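In the numbering used here, the protein residues as written are -1 to 191.
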């Protein structure tokens, strides 16, 4: 990069951007469904949250902050607040070098459309996005409180399939298990060819 004026010191830069909002999306948990199971979901259905974290009978939510290395912020929701329990740096994921080699392909019955019913879909359950100023994020410590838009029990839960928002729901507890009652589903827009 070329700059017309001398580069500001790091402290000056941090101060100038202290109010810059950093988006946070807290995940409640996740479930893996097949494409066929996901296609059968309708409003009113309850989807069990198979993988979620708890500590001393309290639900924990996790937000990942894109950085180098990435951060993971774990918090305990209570009302419309989330108390930070832990902040940790995530190790860098190794790059994969074992890419399959190209193979020749003969036209045959394999060219028929394949059934995708058994395809695994990663379904995440997320709180509505919130943000924290960059200056506060840099000073964030366990015990800090992050304000949520609504209490977790009243909050709209986002249903995110393979990274795409597909609907909303409400968090429910059934005994010692958690689930989300589906309120709305959004069908993906057809792709243009």
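Heads up, the beta-carbon is just placed ideally off N, CA and C, and yes, glycines get one too.
A quick note: this is a predicted structure, and the numbers were derived from the prediction, not measured.
Problem set entry | Buried or exposed (CB count within 10 angstroms, at least 16 for buried), residue 178 | buried
Problem set entry | Alpha-carbon spacing of residue 176 relative to residue 128, whole angstroms | 22 Å
For this session: Return the chain-ordered list of same chain residues with a C-beta closer than 7 Å to the C-beta of residue 56, the five sequence neighbours on each side being excluded.
Result: 74
For this session: Pair every Cβ in the stretch 56 to 71 with every Cβ in the stretch 38 to 45, then say whether three or more of these pairs are closer than 8 Å.
Result: no
Exercise. Going by C-alpha distance, which of 67, 20 and 118 is nearest residue 203?
Worked result: A question about residue 203 goes unanswered here, because the residues of the chain that appear run from -1 up to 191.
Problem set entry | Per-residue DSSP class, three states only, for residue 167 | strand
For this session: Determine the DSSP secondary structure at residue 162, reduced to helix, strand or coil.
Result: strand
Exercise. Can you tell me the Cα-Cα spacing of residue 18 and residue 144, whole angstroms?
Worked result: 16 Å
Problem set entry | Buried or exposed by the 16-neighbour rule on C-beta atoms within 10 Å, applied to residue 165 | buried
Exercise. Got a sec? Which residues, its chain only, sit under 6 Å from residue 44 by beta carbon, not counting five neighbours each side?
Worked result: 177 and 179
Exercise. If you count every other CB in all the chains shown that lies within 10 Å of the CB of residue 87, and 16 or more means buried, which is it?
Worked result: exposed
For this session: Taking the CB atoms as reference points, tell me whether residue 16 and residue 132 lie closer together than 8 Å.
Result: yes
Problem set entry | Three-way DSSP call (helix, strand, coil) for residue 46 in this model | strand
Problem set entry | residue 135 - DSSP class collapsed to helix/strand/coil | helix
For this session: Buried or exposed for residue 167, please, with buried defined as at least 16 other CB atoms from any protein chain shown within 10 angstroms of its CB.
Result: buried
For this session: Within 10 angstroms of the Cβ of residue 53, are there 16 or more other Cβ atoms? Answer buried if so, exposed if not.
Result: exposed
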